[in-house]
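Numbering (our numbering), first residue to last: 426 to 476.
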């Protein structure tokens with residue numbers, strides 16, 4: 426992967442994480458609930474990636 430694409434991917438991930446935290450705090454969702462939701466989403470994605 427070329428360096429500019431890699432850096433753009435990192436920028437997109439950081440910006441999306443910031444927007445998610447901002448939206449969750451605006452809706453009154455606790456950081457603990459947001460962390461659990463992120464872990465469950467990562468687990469589900471990982472489960473579908475197994476052959």
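Idealized CB from N, CA, C, for every residue including glycine.
Keep in mind it's a predicted model, so treat the numbers as computed, not measured.
Which two residues bound the contiguous alpha helix (DSSP H) that contains residue 438?
Reading the chain shown from its first residue, position 13 is the one you call residue 438. 428-452 is the span of the alpha helix (DSSP H), which, as asked, contains residue 438.
Sub-8 Å separation of residue 459 and residue 474 beta-carbons:
As a position in the chain shown, residue 459 is number 34, starting the count at 1. As a position in the chain shown, residue 474 is number 49, starting the count at 1. No. Outside cutoff.
When you compare only the Cα positions, how much space is there between residue 432 and residue 426?
Stepping through the chain shown from its first residue, residue 432 is reached at position 7. Stepping through the chain shown from its first residue, residue 426 is reached at position 1. In a straight line, the C-alpha of residue 432 is about 10 Å away from that of residue 426.
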